[in-house]
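Colleague: Residue numbers (full-length UniProt numbering): 1 to 301.
Encoded structure:
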């Protein structure tokens, strides 16, 4: 879907409908703005093409608009400045930055620009990148390494977006989030090598945990370490092998319950597909983790 605007009021409406509530100002004489959404029925991937402006999400917006998302912006043309959490970063083509909707931020552009923007659920992104609050408004490379791989995938996804069926959408969005989170982990010095090992392991077991028989011994084999070393690695990151398996399964169920394409599947069917074989244990664990039963999670979404 393509949305064009030549006035700031229309532009604000477009930004609100695609991202979150924002305020935008511009002194440009010939103002223009264009948002292209690549995947029908979702705001997950879009192109922003506009000119000089200051766009802000204020404390008022945060209080009145409770969306919890992370926006990852890959600079394709022009340059931009992002401010959040008392940090400011400048992005040029071949770089990317991300910011959270739960706290104020500002985006400023001194001339025409284009950005490819990935919009992801904050909780899902946090599960892949703990401590992300320390990494907002920082510039990351997308011209080489993992960042380039992530950008290439997003461009491919944009080109093929209209042809992606509902059944594939959740998987594509998960892969995109994993690639971006992985590229950030590989590029930041704020994450220790041990933390990076843990994050890679967590990503590798996402599909493995669907097997009800998958256990800590299997995880140790995948990690290429002894059971004792695995327990130590997990303990360093505030969990245990068994808890990590449970958390991964619960997150998988939660993601599927939040996806419209699974509306016709029963909660039990989804739970079974994520390796649970005891519904009483599943329901108790889900409510303990998220505060509500899985059936209410589906209704709320």
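All residues carry an ideal CB built from backbone N, CA and C; glycine is no exception. Computed from a predicted structure; not experimentally measured.
Just list the residues that DSSP pairs residue 46 with in beta bridges.
Modeller: The partner list for residue 46 (beta bridge, DSSP) reads 37, 117.
Colleague: Within its chain, find whatever has a CB closer than 6 Å to the CB of residue 98; leave out the 5 residues flanking it on each side and keep chain order.
Modeller: These residues qualify, in order along the chain: 70, 72.
Colleague: How many angstroms separate the CA atom of residue 157 from the CA atom of residue 172?
Modeller: Taking the straight line joining both Cα atoms gives about 8 Å.
Colleague: Could you tell me which residues DSSP pairs with residue 55 in its beta bridges?
Modeller: DSSP lists 24, 107 as partners of residue 55.
Colleague: Taking residue 85 and residue 20 to be in contact with their CB atoms under 8 Å, please state how far apart those CB atoms are, rounded to whole angstroms.
Modeller: Their Cβ separation, rounded to whole angstroms, is 17 Å, which puts residue 85 and residue 20 out of contact at 8 Å.
Colleague: With distances taken Cα to Cα, identify the nearest neighbour of residue 206 among 91, 34, 273, 140.
Modeller: Measuring from the Cα of residue 206, the nearest candidate turns out to be 273.
Colleague: Going by DSSP in three states, residue 223 sits in which element: helix, strand or coil?
Modeller: Looking at residue 223 - three-state DSSP - the assignment turns out to be helix.
Colleague: Does the pairing of the region 223–239 with the region 192–204 give three or more beta-carbon distances under 8 Å?
Modeller: Touching, yes, given that three or more Cβ pairs across the two stretches are closer than 8 Å.
Colleague: Let's test the definition: count the other Cβ atoms within 10 Å of the Cβ of residue 264 and tell me whether it reaches 16, buried, or not, exposed.
Modeller: Classification of residue 264: exposed, given that the 10 Å Cβ count is below 16.
Colleague: Among 29, 28, 14, which one has its Cα closest to the Cα of residue 22?
Modeller: Nearest option by C-alpha distance: 14.
Colleague: Assign residue 290 to one of three DSSP states: helix, strand, or coil.
Modeller: Note: residue 290 maps to helix in three-state DSSP.
Colleague: Run through DSSP, which three-state label would residue 156 get?
Modeller: Correct three-state label for residue 156: helix.
Colleague: What residue range does the alpha helix (DSSP H) around residue 209 cover?
Modeller: Where residue 209 is concerned, there is no enclosing alpha helix (DSSP H), given that its DSSP letter is neither H nor E.
Colleague: Could you say which of 104, 83, 102, 113 lies nearest to residue 92 if we only look at CA atoms?
Modeller: Minimum Cα distance to residue 92 is reached at 113.
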